[in-house]
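Right, one structure below, let's go through it.
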Amino acid sequence: LAVRRACYGVLRFVMESGAKGCEVSVSGKLRAQRAKTMKFMDGYMISTGYPKEIYIDSSIRHVLLRQGVIGLKVKIMLPHDPTGKTGPRKPMPDAITIFEPKEDIISPAVVPHSS
368 LAVRRACYGV
378 LRFVMESGAK
388 GCEVSVSGKL
398 RAQRAKTMKF
408 MDGYMISTGY
418 PKEIYIDSSI
428 RHVLLRQGVI
438 GLKVKIMLPH
448 DPTGKTGPRK
458 PMPDAITIFE
468 PKEDIISPAV
478 VPHSS
């Protein structure tokens, strides 16, 4: 199918551009008279909560063809970017940072002088 090949091309392009995850959904009369929905997913995608609002960029388009209407939905999960240029500045709430252990400084024992 030309639809499947086009969706995989979009998916590959988005993932090579640096996205964390991508989902492409095409619905409508694709081959036969009966309408279908095809979903193509790659990478990591969150679907609930406040991080969805800041990390997921989504778009919907309707394409009018002779046979009928085809709907396209594309969701892209942006990567975390501390500068805020290519993605959200705020890190994911479940992100864990591991610090190196601190060196234990042992001070020499102070012995009181008796005179």
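Going by our numbering, the first residue of the sequence shown is number 368, and it counts up by one from there. Just so it is clear, CB atoms sit at the ideal spot from N, CA and C, and this is done for glycine as well. Everything numeric in this text was worked out from a predicted model, so none of it was measured.
| request: Taking only the alpha-carbon atoms, compute the straight-line gap between Gly454 and Phe466 and give it to the nearest angstrom. | output: For the purposes of this step, residue 454 is identified with residue 87 of the sequence shown, where counting begins at 1. For the purposes of this step, residue 466 is identified with residue 99 of the sequence shown, where counting begins at 1. If you take the alpha carbons of Gly454 and Phe466, they lie about 24 Å apart.
| query | Since Gly395 contacts Val441 with CB under 8 Å, what's their CB separation in whole angstroms? | reply | Along the sequence shown, read from residue 1 onward, the residue named residue 395 stands at position 28. Along the sequence shown, read from residue 1 onward, the residue named residue 441 stands at position 74. Between Val441 and Gly395 the Cβ distance is about 15 Å, and since that is not below 8 Å, they are no contact.
| request: Could you tell me if Tyr417 is buried or exposed, where buried requires 16 or more neighbouring beta carbons within 10 angstroms of its beta carbon? | output: What you label residue 417 is simply residue 50 of the sequence shown in a count that begins at 1. Flag for Tyr417 reads exposed.
| request: Locate the alpha helix (DSSP H) running through Met483, then write down its first and last residues. | output: This structure leaves residue 483 out entirely; the chain is present only between 368 and 482.
| Given Gln487 as reference, the closest of His447, Arg401, Thr450, Asp424 once Cα atoms are compared | With the chain represented from 368 up to 482, any question about residue 487 goes unanswered, as that position is not in the structure.
| task | Under the assumption that Ile443 contacts Val381 (Cβ atoms under 8 Å), give the Cβ distance between them as a whole number of angstroms. | result | Position 76 of the sequence shown, counted from the start, is the residue given in the question as residue 443. Position 14 of the sequence shown, counted from the start, is the residue given in the question as residue 381. Going by Cβ atoms, the distance from Ile443 to Val381 rounds to 6 Å, so yes, they are a contact pair.
| query | Helix or strand or just coil, what does DSSP make of Lys406? | reply | Looking up residue 406 in the sequence shown gives position 39. Reduced to three states, the DSSP call for Lys406 is strand.
| query | Expressed to the nearest angstrom, what Euclidean distance is found between the alpha-carbon atoms of Asp450 and Leu368? | reply | Here residue 450 corresponds to residue number 83 of the sequence shown, with the count starting at 1. Here residue 368 corresponds to residue number 1 of the sequence shown, with the count starting at 1. It is Thr, not Asp, that sits at residue 450 in the sequence shown. Thr450 and Leu368: Cα-Cα distance of roughly 41 Å.
| message | Using the three-state DSSP reduction, which class does Leu378 fall into: helix, strand or coil? | response | Within the sequence shown, residue 378 is the residue found at index 11, counting from 1. Helix, per DSSP.
| field | Beta bridge counterpart(s) of Arg428 as assigned by DSSP | value | Here residue 428 is taken as the residue at index 61 of the sequence shown, counted from 1. In the DSSP output, where bridge partners are listed per residue, Arg428 has Leu439.
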